[in-house]
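*Asks:*
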Amino acid sequence: MECLTWFYQLFCLHLLLCYPRSSAKLCSVEQSIALLQFKQLFSFYKSSSIDCERYQQSYPKMMYWKENEDCCSWDGVTCHMATGHVISLDLSCSWLHGKIPSNISLFFPHLEKLNLAFNYFSFSNISSAFSKFPALTHLNLSCSYFRGRGQIPPEISHLSKLVSLDLSYNLDLTLETPVWYWLLQNLTELQELVLDTVDMSYIELDSFKNLSSSLTYLSLRYCSLQGNFPESIFRRPNLQTLTLQGNIGMSGMFPNHNLSSPLKYLDLSNCNFFGPIPASLGNLTQLLQLDLSLNAFNGLIPYFLSQLVQLRRIDFLSNNFIGEIPDIFLNLTRLTFLSLSYNQLVGPIPSSLSELRCLTTIFLSYNSLNGTIPSTLFTLPSMKEIEFTANQLTGSIPGSLFESVNLKYLALSSNNLSGILELHMFAKLKNLTSIDLSGNRLSCSTRIRANSSIQLRRLAISDCNLSEFPDILRNQTKLQILDISGNKIHGRIPNWFLEVGRDSLSYLNLSHNFLTGGIENIPPNNLQDLDLRSNLLQGSLMVPPPLAVFLLVSNNKLTGEIPSSFCNLSSIEYLDLSNNSLNGPIPQCLGNSTILKFLDLRMNNLSGSISQTFAYGSSLTTLNLNGNHLEGPLPPSLVNCLDLIVLDVGYNKIDDTFPHWLAVLPKLQVLILRSNRFHGSIDSSSTTFSFPMLRILDLSRNQFTGVFPTKYFQNFKAMMYEDHDHDTEYMKGYLSWEYYSMKLTVKGNFMEMERILTIFSTIDLSDNLFQGQIPEAVGELGSLKGLNFSHNNLTGRIPSSFGNLTALESLDLSSNRLVGQIPKQLTSLTSLSVLNLSFNQFEGPVPRGPQFNTFPNNSYIGNLELCGFPLSEECSNDDAPETKFYDKDDDNDDNDDTSSWFDRKFAMMGYISGLVIGLSIGYMVFATGRPLWFIWMIERKQFKRMGKQNRGSRGRRN
1 MECLTWFYQL FCLHLLLCYP RSSAKLCSVE QSIALLQFKQ LFSFYKSSSI DCERYQQSYP
61 KMMYWKENED CCSWDGVTCH MATGHVISLD LSCSWLHGKI PSNISLFFPH LEKLNLAFNY
121 FSFSNISSAF SKFPALTHLN LSCSYFRGRG QIPPEISHLS KLVSLDLSYN LDLTLETPVW
181 YWLLQNLTEL QELVLDTVDM SYIELDSFKN LSSSLTYLSL RYCSLQGNFP ESIFRRPNLQ
241 TLTLQGNIGM SGMFPNHNLS SPLKYLDLSN CNFFGPIPAS LGNLTQLLQL DLSLNAFNGL
301 IPYFLSQLVQ LRRIDFLSNN FIGEIPDIFL NLTRLTFLSL SYNQLVGPIP SSLSELRCLT
361 TIFLSYNSLN GTIPSTLFTL PSMKEIEFTA NQLTGSIPGS LFESVNLKYL ALSSNNLSGI
421 LELHMFAKLK NLTSIDLSGN RLSCSTRIRA NSSIQLRRLA ISDCNLSEFP DILRNQTKLQ
481 ILDISGNKIH GRIPNWFLEV GRDSLSYLNL SHNFLTGGIE NIPPNNLQDL DLRSNLLQGS
541 LMVPPPLAVF LLVSNNKLTG EIPSSFCNLS SIEYLDLSNN SLNGPIPQCL GNSTILKFLD
601 LRMNNLSGSI SQTFAYGSSL TTLNLNGNHL EGPLPPSLVN CLDLIVLDVG YNKIDDTFPH
661 WLAVLPKLQV LILRSNRFHG SIDSSSTTFS FPMLRILDLS RNQFTGVFPT KYFQNFKAMM
721 YEDHDHDTEY MKGYLSWEYY SMKLTVKGNF MEMERILTIF STIDLSDNLF QGQIPEAVGE
781 LGSLKGLNFS HNNLTGRIPS SFGNLTALES LDLSSNRLVG QIPKQLTSLT SLSVLNLSFN
841 QFEGPVPRGP QFNTFPNNSY IGNLELCGFP LSEECSNDDA PETKFYDKDD DNDDNDDTSS
901 WFDRKFAMMG YISGLVIGLS IGYMVFATGR PLWFIWMIER KQFKRMGKQN RGSRGRRN
């Protein structure tokens, strides 16, 4: 030890004798003045360099510059020892806040390195003055809020000695084609080029082959590159890092041969590369990191990856890889990160993964992996993150999990895992911060209680058969996300729960339990997402958390009014208070919000009028007020809600005419006005832009009058074409995990639809006072699944164009005054499963066809002139014409023959007896929804008409 001390003292003496401080040149006065003038341009705020904190400590270097000191001693300034010239200026992460004038005079002819990264230059233009450093080899202006007035100044290309250029992560910087070519031509010594987020959309990708052969580092993240990326870049002789992340308009494939490169870091994530990975990739033997995530690569994961023995990181997230995970990892002994999530992989998890002693992270979520979890994975001493969410894994969670002392993140949700899980065992894992075991068949036990010293950030154990609040929650002061939904927790929320994550909890989901009592014990401070749906909560609504963004309290037993404190919510986006017993008016302020996107207040006892002041610039996408006692008209200010997709005000007392002004809303897909007091004609000559996206229209049970407006049917563009590309997708709400639900008449039944396909289209105009004929244009709505025009005063015939409604599953035209024969074209509707043509004036034979042969007799009841299967009355002539036009003079037709008279006679007798039986069991009332006297009146009219025809026939025969 004494020898080392003596050696150190001797070394210091050598430095003092050979390199005395006095021999170094001092900074010139001119340079000091220039630097001090540059300092005067800025204020110093830590927030100006906040982004830097992820990489290194920031501090205000220039704040400590003093006039009477040698500028070569200033922090961030480096001078040449022999000449005193400033050769390096590093002011990165220096809290600088201010503008740099475009005409700044900053002349340092010997400056070699300039770094102004991670500051805030208030959207200054990149000055051409930076080109006045002829000796510059390194220029870094990244992450400093430059904007450049749309383009990088061409003078940058004059810096011919540049070895490193970084202009990344500024605002609205564009690299024009001429400047790019000048850079390629002049910067022949360039080794590092970083242009992340610079707009290069106009650059021809073939030009990249002219990049300097000295290039070792090329980063072009989010540059809007377009077209096919040239294969030659992968063969650059010195290129070690290539990053092309986020250029979704760029595609390409790996070279199939002659791929030899010193590449160590390859990032092609979030582009549009495609095809299988060729064997040539196995030649990149120096590769340390390979990121191909968020592309369209397909095929099997290749075995030749085992040749890349230097690999530390593999990320194949979100591609189209298929097959089993190959057993290739035994050679990859240095691998620390493996992500194969969001592919189409099957089979078991290879046990060979347990041999990777350096592995810290493994993500295999959203595949179709099966089998059990290898217990040896948890014995890896380096393991920190495991995510196997949304697979088909079975069996119990290995006990070895609780020996994984370095584990920080565990996500095994949405599998078929079973068994009993003792929650107190997690107390052993001192480093664990995140647990997600939701959506399995586990039974979480709280039988043994233990004081836990772990501090979780996230705990998700929904659907885990919990019967009480788990004891592990006690003393969790740093919890940010808590989900214990879908359990069997009864009773009140305990008082101690108020302290759980009091200052940290931002997401809380207690939904689908059996909680009772009030909701006063909810940690309020930083809560943004609160889900209390489907419990037994009572009492009044709580004062909402001040930072609430999502507030879901539907399907409870809450009473009272919506408190005025909801008007103080400045960040609320999603509010669901449906299916409670709330009363009183809707706070008018909810309509004034420009932040609120989803408002669901259906199935309460709310009264009064709807807010008349929906704000201009509203973000509202869904407004559901169904099933209340709201009165007055619809507010015309709803036209300000240009993002509105769903408007449901059914089952209220709204008294208004048809809101034709809603036709201008460009995104409206669902309009439900069912069971209100709407009246008058739905036509309006002023409407020119008629519901272009509408797919669900329900105007039933109102008092609309007049004829059907043909122009509406002609403009329902979204209902005209079937979209088979999305025939398995459901209509999503504002939340990606939520589906729109609503009550609709489907196949003759009024029901709650919890999920609605995006291709679902239906029109229900039943129970109104519409008159006139059905427009031919209805037959152009080829994507219709349901059509209900029943219980109106429609006349004329069924348009033959209805044969074009090939997607139709339900058709109800009952209780109108339609005439003529049933069009034979309807037999082409092979999807039709429900048909109701009852109580009209149809005549002639019932068409025969695959679907029509399945419809029961009551599909046609009340049409006395119909004949043929399934009716008891047989037709007199199997070859009867397809159409027989109705005419009031038919009563005097002299062509009725005797057999027709007898057919009618027996039909009448059968009909009378059938009528008596039908009335006795009340079937008509049930089937039509009409009162008994109404049905009897219809029958009497039909009876008299038939009697008149029969008397006329007998007279003619006599």
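Heads up, the sequence shown is in full-length UniProt numbering, so the first residue is 1 and it goes up one at a time.
All C-beta atoms in this analysis are idealised placements derived from N, C-alpha and C, irrespective of residue type, glycine included.
In this text the structure is predicted, and so the values were computed from the model without any measurement.
(1) How would you write the range of the beta strand (DSSP E) that ILE289 sits in, first residue to last?
(2) Between the Cα of GLU204 and those of PHE713, PHE658, LEU190, LEU184, spot the shortest distance and give me the residue it belongs to.
(3) Span of the alpha helix (DSSP H) holding SER581?
(4) Curious, which full-length beta strand (DSSP E) runs of at least 3 residues does the region 312 to 345 contain?
(5) Hey, would you say ARG334 sits closer than 8 Å to LEU308, going by beta carbons?
(6) In whole angstroms, what separates the C-alpha of PHE337 from that of GLU355?
(7) Please give the ranges of any beta strand (DSSP E) in the region 677 to 708, keeping only runs that are unbroken, at least 3 residues long and fully inside the region.
(8) Starting from the Cα of ASN367, find the closest Cα among LYS39, GLN344, ASN521, CYS143 and give me that residue.
(9) Round the Cβ separation of LEU410 and SER434 to the nearest angstrom and send it over; I've been treating them as touching at under 8 Å.
(10) Quick check on the DSSP output: the beta strand (DSSP E) that includes TYR409 runs from which residue to which?
(11) State buried or exposed for SER783, treating a residue as buried only when at least 16 other CB atoms are found within 10 Å of its CB.
(12) Check GLY591 in the structure and name its three-state DSSP category.
(13) If you check the beta carbons only, do PHE770 and ASN804 fall under 8 Å apart?
(14) Within 10 Å of its beta-carbon, does ARG449 have 16 or more other beta-carbons around it, so buried, or fewer, so exposed?
(15) If you draw a straight line from the C-alpha of THR613 to the C-alpha of LEU596, how long is it?
(16) Starting from GLU385, trace the beta strand (DSSP E) both ways and give me its first and last residue.
(17) Compare the C-alpha of THR177 against each of VAL163, ASP199, ALA615, ALA82 and name the closest.
(18) Can you tell me which of LYS428, ASN440, ASN431 puts its alpha carbon nearest to the alpha carbon of SER396?
(19) Leaving aside the five residues before and after SER404 along the sequence, list all residues of the same chain whose C-beta is less than 8 Å from its C-beta, in chain order.
(20) May I ask which residues mark the beginning and end of the alpha helix (DSSP H) holding LYS717?
(21) Compute the Euclidean distance between the alpha carbons of THR394 and LEU532, then round it to the nearest angstrom.
(22) Unbroken beta strand (DSSP E) runs of length 3 or more, entirely within the region 439 to 480: which are they?
(23) Once the 5 residues before and after ASN170 are set aside, which same chain residues still bring their CB inside 6 Å of it?
(24) So the beta strand (DSSP E) LYS39 belongs to, where does it begin and stop?
(25) Check this for me: beta carbons of SER534 and SER511, under 8 Å apart or not?
(26) Quick check on the burial criterion: 16 or more other C-beta atoms within 10 angstroms. Buried or exposed for GLY910?
(27) Quick one: grab the DSSP three-state call for residue 964.
(28) Secondary structure at LYS785, three-state DSSP: helix, strand or coil?
(29) Out of GLU843, ILE586, LEU193, VAL179, state which residue places its alpha-carbon closest to the alpha-carbon of residue 959.
(30) I need the straight-line Cα distance from VAL179 to CYS271, nearest angstrom please.
(31) Roughly how many whole angstroms lie between the Cα atoms of TYR616 and PRO153?
(32) Please work out which residues of its chain come closer than 8 Å, Cβ to Cβ, to ASN103, disregarding the five sequence neighbours upstream and downstream, and give them in chain order.
(33) I need the DSSP call for LYS46, collapsed to helix, strand or coil.
(34) List the residues that DSSP assigns as beta-bridge partners of CYS79.
(35) Have a look at LEU442, ILE682, VAL77, ASP812 and flag the residue whose alpha-carbon is nearest the alpha-carbon of ILE461.
(36) Compare the C-alpha of CYS641 against each of SER618, ASP206, SER201, TYR217 and name the closest.
*Replies:* The structure says:
(1) Looking at the sequence shown, residue 289 is not Ile but Gln. It spans 289 to 291 - the beta strand (DSSP E) in which GLN289 sits, taken as one unbroken run.
(2) Of the candidates PHE713, PHE658, LEU190, LEU184, the one whose C-alpha sits nearest the C-alpha of GLU204 is LEU184.
(3) Not the alpha helix (DSSP H): SER581 falls in the beta strand (DSSP E), residues 581 to 584.
(4) Those beta strand (DSSP E) runs which fall completely within the region 312 to 345 and span 3+ residues are 313 to 315, 320 to 324, 337 to 339.
(5) At the C-beta level, ARG334 and LEU308 stay beyond 8 Å of one another.
(6) Each residue's Cα considered, the two are about 14 Å apart.
(7) Those beta strand (DSSP E) runs which fall completely within the region 677 to 708 and span 3+ residues are 679 to 681, 696 to 698, 703 to 707.
(8) Ranking LYS39, GLN344, ASN521, CYS143 by Cα distance to ASN367 puts GLN344 first.
(9) The pair is a contact, with the Cβ atoms about 7 Å apart (cut-off 8 Å).
(10) In this chain, the beta strand (DSSP E) harbouring TYR409 covers 409 to 411.
(11) Buried.
(12) Of the three classes helix, strand and coil, the one that applies to GLY591 here is helix, per DSSP.
(13) In terms of Cβ geometry, PHE770 and ASN804 do not form a close pair [threshold 8 Å].
(14) ARG449 comes out exposed.
(15) The alpha-carbon atoms of THR613 and LEU596 are separated by roughly 14 Å.
(16) Annotation: the continuous beta strand (DSSP E) that includes GLU385 extends over 385 to 387.
(17) Comparing Cα-Cα distances from THR177 to each of VAL163, ASP199, ALA615, ALA82, the minimum goes to ASP199.
(18) Restricting attention to LYS428, ASN440, ASN431, the CA atom closest to the CA of SER396 is found in ASN440.
(19) Around SER404: PHE378, THR379, LEU380, MET383, LEU429.
(20) Segment: none, LYS717 is in no alpha helix (DSSP H) and carries neither H nor E.
(21) About 30 Å.
(22) As far as the region 439 to 480 is concerned, its whole beta strand (DSSP E) runs of at least 3 residues are 441 to 445, 458 to 460.
(23) By the criterion of a C-beta distance shorter than 6 Å, ASN170 is surrounded in its chain by PHE146, once the five residues flanking it on both sides are discounted.
(24) According to the DSSP assignment, LYS39 belongs to no beta strand (DSSP E) but to the alpha helix (DSSP H) extending over 29 to 39.
(25) Contact flag set, yes.
(26) Reliability of the predicted coordinates at GLY910 is poor, the pLDDT of 40 falling under 50, and the value obtained from them is presented with this limitation in mind. Its Cβ having fewer than 16 others within 10 Å, GLY910 is exposed.
(27) No statement about residue 964 is possible, as the shown extent of the chain runs from 1 to 958 and does not include it.
(28) DSSP places LYS785 in coil when its eight states are reduced to three.
(29) Outside the displayed span of the chain (1 to 958) sits residue 959, for which this structure offers no information.
(30) C-alpha separation (whole angstroms): 25 Å.
(31) In this structure, the straight-line span from the alpha carbon of TYR616 to that of PRO153 is close to 40 Å.
(32) For ASN103, the CB contacts under 8 Å within the same chain, skipping 5 residues up- and downstream, are SER127, ALA129 in chain order.
(33) DSSP places LYS46 in helix when its eight states are reduced to three.
(34) Answer is VAL86.
(35) Looking only at LEU442, ILE682, VAL77, ASP812, the smallest Cα-Cα distance to ILE461 is reached by LEU442.
(36) Checked all of SER618, ASP206, SER201, TYR217; the closest Cα to CYS641 is SER618.
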